[in-house]
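In what follows, a single structure is set out as structure tokens and then discussed.
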Amino acid sequence: MRLKNKKVILGISGSIAAYKTAFLTRLLVKAGAEVKIIMTPAATDFITPLTLSTLSKNPVYSNVSSEEGWNNHVELGLWADALVIAPATANTLAGMANGICNNMLLAVYLSARCPVFFAPAMDLDMWTHPATQANVAKLQEYGNHLIPVGDGELASGLVGAGRMAEPEDIVNMLADSWESETVTKDLAGKKALVTSGPTHEAIDPVRFIGNRSTGRMGVALAEELASRGAEVILVSGPTNIKASGEHITSISVKSAQDMYEACVQHFPEMDIAIMAAAVADYTPKTTSATKIKKKPGEMSIELKRTKDIAQQLGKLKKTGQVTVGFALETHDELKNARKKLTKKNFDFIVLNSLNDKGAGFQHNTNKITIVDKNGEQSYDLKSKEAVAKDIVDYLGKYVKP
Ligand code: CTP
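In the numbering used here, each residue's number is its place in the sequence shown (first place is 1) plus 56.
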């Protein structure tokens, strides 16, 4: 959680421990960080840039004079929330400690304004050499954070005392350093309702009509709201993704009707309601109590309209309550989104266009435009967690302190 949306540069130098950076990259990405990788030329002998660019979903930089260009080091140094140099070889440590700048990684290190962490990796004699120890001491004096070398069991072929810390330990150390950082609790004391996931409309005891919503956007919103101090009620249709956090109460529902009842019950105490669920618009007119048996010929199921939760909350809304909706559109996007904004009395609506690559149900990313009575604001393609942050930031315009 604590690494969510953090921008991390992983700097890799040429040690056999470089193979561990594949796992490290995975862990960082899984924790929600955006990772950009810089390799020293020697590091590319141990692990390929292709592997790391695939895992980090970003290009890997290794050469100052490549297409990316020399200038990039300053930009990258400013972009990062943290620079993690792992593995840091004796040579890289010496370069860092002495301001040597003969590769992209060292150039970025010298331009970085963010906290720098370094995880040394080398054999025992090199590690204990006074020159190396002096460099490590110097680096710490400069305010860099040492990620202690492992001294426990030997990984096969690697020497004990100079062994690079395990990827999990590196991630934990980073996360801990951010935990102490104070997140703005701008929603402290506020109550928020979030609807999430699909609904399942039962045809009979074994069949239902559903949709492909994963619930990930709703969970990301609930977690973002909670991290900013809100007490959250997450009303979620059937999904495998669960929200975590002390300030989130999850209510599991199946059908649109169940979701409607839970929302109408809790809405009066809420300050905020975000409707991210993909609620079925139709449900079977009747649900068979027993499994429907097949018969020759065609069959059809009669459907009736479900209740519109968002519209109902829009009607119940009192001064000071803020409601936010979602719209997934394939054509006339803005026009349709504006219609929904008015019809459902939302304060703003988050538009996903299915024409945007990477947006919508089956992706971990989303590209949104926020539409309100004053205009539109478009955002880049981002992870759903980063999108949740943008949406909650936008709430700031409407939620009274
Ligand atoms: N919504 C709801 N209850 C419903 C249906 C939709 O709360 N029964 C909410 C969704 O959570 C979302 C917004 O309303 O915030 C979506 O609007 P909607 O008109 O349902 O979008 P579509 O189903 O895509 O509508 P249409 O078929 O008109 O395009």
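Using N, Cα and C, we set each Cβ at its ideal position, and we do this for glycine too.
Looking at ligand 1, does it come within less than 7 angstroms of residue i, judged from the CB to the closest heavy atom?
{"i": "Lys351", "result": "no"}
{"i": "Phe382", "result": "yes"}
{"i": "Ile365", "result": "yes"}
{"i": "Lys391", "result": "no"}
{"i": "Pro273", "result": "The residue you asked about is not Pro; residue 273 is Met in the sequence shown. Flag unset: Cβ of Met273 not near ligand 1."}
{"i": "Ala163", "result": "no"}
{"i": "Lys520", "result": "This structure does not reach residue 520, given that the chain is present from 57 up to 457, and the question cannot be answered."}
{"i": "Met331", "result": "yes"}
{"i": "Asp225", "result": "no"}
{"i": "Leu251", "result": "For clarity, residue 251 is Thr in the given sequence; the question names Leu instead. Correct: Thr251 has its Cβ closer than 7 angstroms to ligand 1."}
{"i": "Asp337", "result": "yes"}
{"i": "Thr270", "result": "no"}
{"i": "Lys298", "result": "no"}
{"i": "Thr362", "result": "yes"}
{"i": "Lys413", "result": "no"}
{"i": "Lys400", "result": "yes"}
{"i": "Lys396", "result": "yes"}
According to DSSP, is residue i helix, strand or coil?
{"i": "Lys400", "result": "coil"}
{"i": "Ser439", "result": "strand"}
{"i": "Leu407", "result": "strand"}
{"i": "Ser356", "result": "coil"}
{"i": "Gly213", "result": "For Gly213, the pLDDT reaches just 43, beneath the cut-off of 50, and the residue's location in the model is therefore unreliable, although a value from the coordinates is still provided. Reduced to three states, the DSSP call for Gly213 is coil."}
{"i": "Asn69", "result": "Going by the sequence as given, residue 69 is Ser instead of Asn. Correct three-state label for Ser69: coil."}
{"i": "Leu139", "result": "strand"}
{"i": "Tyr458", "result": "No answer is possible for residue 458: it lies beyond the span of the chain, which begins at 57 and ends at 457."}
{"i": "Ile103", "result": "coil"}
{"i": "Lys371", "result": "helix"}
{"i": "Gly253", "result": "coil"}
{"i": "Lys92", "result": "strand"}
{"i": "Ile426", "result": "strand"}
{"i": "Arg496", "result": "The requested residue 496 does not occur in the structure, where the chain is confined to residues 57 to 457."}
{"i": "Lys391", "result": "helix"}
{"i": "Ser434", "result": "strand"}
{"i": "Lys76", "result": "helix"}
{"i": "Arg58", "result": "coil"}
{"i": "Arg169", "result": "coil"}
{"i": "Lys445", "result": "helix"}
{"i": "Leu243", "result": "coil"}
{"i": "Thr110", "result": "helix"}
{"i": "Ala345", "result": "coil"}
{"i": "Gly208", "result": "With a pLDDT of 42 at Gly208, under the threshold of 50, the modelled position of this residue cannot be trusted, and the question is left open."}
{"i": "Gly151", "result": "helix"}
{"i": "Lys63", "result": "strand"}
Mind checking whether the beta-carbon of residue i lies closer than 7 angstroms to any heavy atom of ligand 2?
{"i": "Thr425", "result": "Ligand 2 is not part of the structure shown, which contains ligand 1 as its ligands."}
Self-check item: Contact between the region 390-410 and the region 349-361 (3+ Cβ pairs under 8 angstroms)
Solution: Segments in contact, no.
Quiz item: Does the region 104-112 come within contact of the region 135-148, defined as at least 3 CB pairs closer than 8 angstroms?
Solution: The answer is no - the region 135-148 does not touch the region 104-112, with fewer than three Cβ pairs under 8 angstroms.
Practice problem: Run through the region 257-341 for me and flag every whole alpha helix (DSSP H) of 4 or more residues, listed as ranges in chain order. | Solution: Assignment of alpha helix (DSSP H) within the region 257-341, counting only whole runs of 4 or more residues, yields 272-283 and 312-322 in chain order.
Quiz item: If you pair each beta-carbon of the region 251-271 with each one of the region 329-339, do three or more pairs fall below 8 angstroms?
Solution: Touching, per the Cβ criterion.
Quiz item: What runs of the alpha helix (DSSP H), each 4 residues or longer, lie entirely inside the region 175-205?
Solution: Restricted to the region 175-205, the alpha helix (DSSP H) segments that are unbroken, complete and at least 4 residues in length are 180-184 and 186-197, listed in chain order.
Practice problem: Taking 8 angstroms as the threshold, find out whether the region 305-325 comes into contact with the region 216-234 through three or more Cβ pairs. | Solution: No: fewer than three Cβ pairs fall under 8 angstroms.
Practice problem: Inspect the CB distances between the region 85-101 and the region 65-76 and report whether three or more fall short of 8 angstroms. | Solution: Three or more pairs of CB atoms, one per stretch, sit closer than 8 angstroms, so the region 85-101 contacts the region 65-76.
Quiz item: Within the chosen definition, does the region 140-147 reach the region 69-89 through at least 3 CB pairs nearer than 8 angstroms?
Solution: Put simply, the region 140-147 touches the region 69-89. At least three CB pairs are less than 8 angstroms apart.
Exercise. Check whether the region 294-308 touches the region 359-376, counting contact only when three or more Cβ pairs, one atom from each stretch, lie closer than 8 angstroms.
Key: With a cut-off of 8 angstroms, the region 359-376 and the region 294-308 do not count as touching, because too few Cβ pairs lie within range.
Quiz item: With a cut-off of 8 angstroms, do at least 3 Cβ pairs link the region 185-200 to the region 73-83?
Solution: Touching, no, given that fewer than three Cβ pairs across the two stretches are closer than 8 angstroms.
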